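A quick write-up on the structure given underneath.
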Amino acid sequence: MPDPTDPAPALTRIASDAAFLHRALRGHFTDRASTLAARIGDAQQLAGTALRLFLDLAPHAQQSSSKNLLLLHRLVQIAKAAQDAAAELTAALAPSVENQRRQADARSERVVLIGPMPQQFIESATDLLGHIPALCHAIDRNRPEFPHR
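Here the numbering used here is used: the first residue of the sequence shown is -14, the next is one more, and so on.
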């Protein structure tokens, strides 16, 4: 049975998922609404995983060393980065749909697109996700020591 106070398996998954999402956004990404919505869900799931790990470890870490509290702090940073990335992608979704609507309604080939381009929000989300694996590796390097039950 896995040790519930060993964050390594969950951190490996978080780092892997964040790297995958980062690559997906950096690659040949389109700002299609369905693709953006799927990536928003991925980022939210990533945040949820970090928060579940936080909740699992918090009862053990709060009565422990500063090293364990640093782990909780970094988990909060991971969750925040993932949530902020989801928010950036959500911000990209509105202009993406509006621009698609404008193009569909256009009578000519020239369409004036409004506001910040979805790609600006996507790039911001990509940058946020790029920091998550480093935070996971920092936790692993300074492996916390929880008291055994």
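Don't be surprised by glycine CBs; every beta carbon is placed ideally from N, CA and C. As the structure is a computational prediction, the values presented were derived from the model and not from experiment.
Annotated as proximal: phenylalanine 39 and leucine 60, with beta-carbon spacing under 8 angstroms.
Within the model, the alpha-carbon separation for leucine 120 versus leucine 78 is close to 27 angstroms. By the C-beta density criterion, arginine 37 is exposed, having fewer than 16 other C-beta atoms within 10 angstroms. With fewer than 16 other Cβ atoms from the protein chains shown falling within 10 Å of its own Cβ, alanine -7 counts as exposed. With a beta-carbon spacing of about 7 angstroms, glutamate 73 and leucine 113 fall inside the 8 angstroms limit used to define contacts.
For asparagine 53, the enclosing alpha helix (DSSP H) begins and ends at 51 to 90. Contact between alanine 71 and glutamine 29 holds: CB atoms are separated by about 5 angstroms, below the 8 angstroms threshold. Per DSSP, reduced to three states, the secondary structure at proline 103 is helical.
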